Amino acid sequence: MRAVVQRVSEASVTIDGRTVGRIDAGLLVLVGVEHGDAPTDAEWLAGKIAALRIFSDEAGRMNRSVRDVGGATLVVSQFTLLADTARGTRPSFVRAARPEEAVPLYERFAQALGDATGRPAERGVFAADMRVALVNDGPVTIWIDSRRKTDAAPDASPGAVPDTTPSPESTTETSP
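Just so you know, we're using this note's numbering here: the sequence shown kicks off at 1113 and counts up by one.
Pasting the structure below:
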């Protein structure tokens, strides 16, 4: 699963002139389900996003999560996140899961995100022609892919470089 997470001061989703989801301060999450994704991808991604420290603390540092600040979430399905632009100028979407595979995972993700934040996630409508309005805060926009997760400790950042500095007890001196 892929997600684009945007910190917003407000966001809404409208279909045929009717607002179906709206939040004030929090996160707008665009999510795409890839063929072969599993429920564990949905749960991992929801937990990662709920714990992502991208809100400011008292010192102005990005050190608080959406659940820490009591923020809202708005989840919008977006298969175009799986676009393959390697050849030509017309994107291919063959990696995107078909609706019968994607809908249950999209719903599971939205439910898991609500559970992880302590507030039900607002939602768009899967496969609908939606108008998404948002006011970015920062802007802060982060891309996360469940297939790039590691077995690192929960507080470790994906893609973080491990500290390979030798400890004093592991170094030995040799004379020339």
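Glycine is no exception: its CB is placed at the ideal position from the N, C-alpha and C atoms.
None of these values were measured; they are calculated from a predicted model.
Selection from the options that minimises the alpha carbon distance to residue i
i            : options                : result
residue 1146 : 1179, 1202, 1262, 1193 : 1193
residue 1151 : 1131, 1186, 1200, 1217 : 1217
residue 1219 : 1208, 1203, 1236, 1207 : 1236
residue 1166 : 1261, 1208, 1183       : 1183
residue 1261 : 1125, 1156, 1119, 1201 : 1156
residue 1210 : 1154, 1162, 1175, 1238 : 1238
Opposing strand residues paired with residue i [DSSP bridges]
i            : result
residue 1138 : 1120, 1184
residue 1257 : 1114
residue 1178 : In DSSP, residue 1178 forms no bridge with anything.
Local conformation of residue i per DSSP, three classes
i            : result
residue 1161 : helix
residue 1153 : helix
residue 1130 : strand
residue 1145 : coil
residue 1265 : Only weak support exists for where residue 1265 lies, its pLDDT of 40 falling under 50; the value from the coordinates is given anyway. Residue 1265 falls in the coil class under three-state DSSP.
residue 1173 : coil
Enclosing beta strand (DSSP E) for residue i [first to last residue]
i            : result
residue 1113 : Counting along the chain, residue 1113 falls outside any beta strand (DSSP E), and DSSP gives it neither H nor E.
May I have a chain-ordered list of the alpha helix (DSSP H) segments no shorter than 4 residues that lie completely inside the region 1190-1246?
1211-1229
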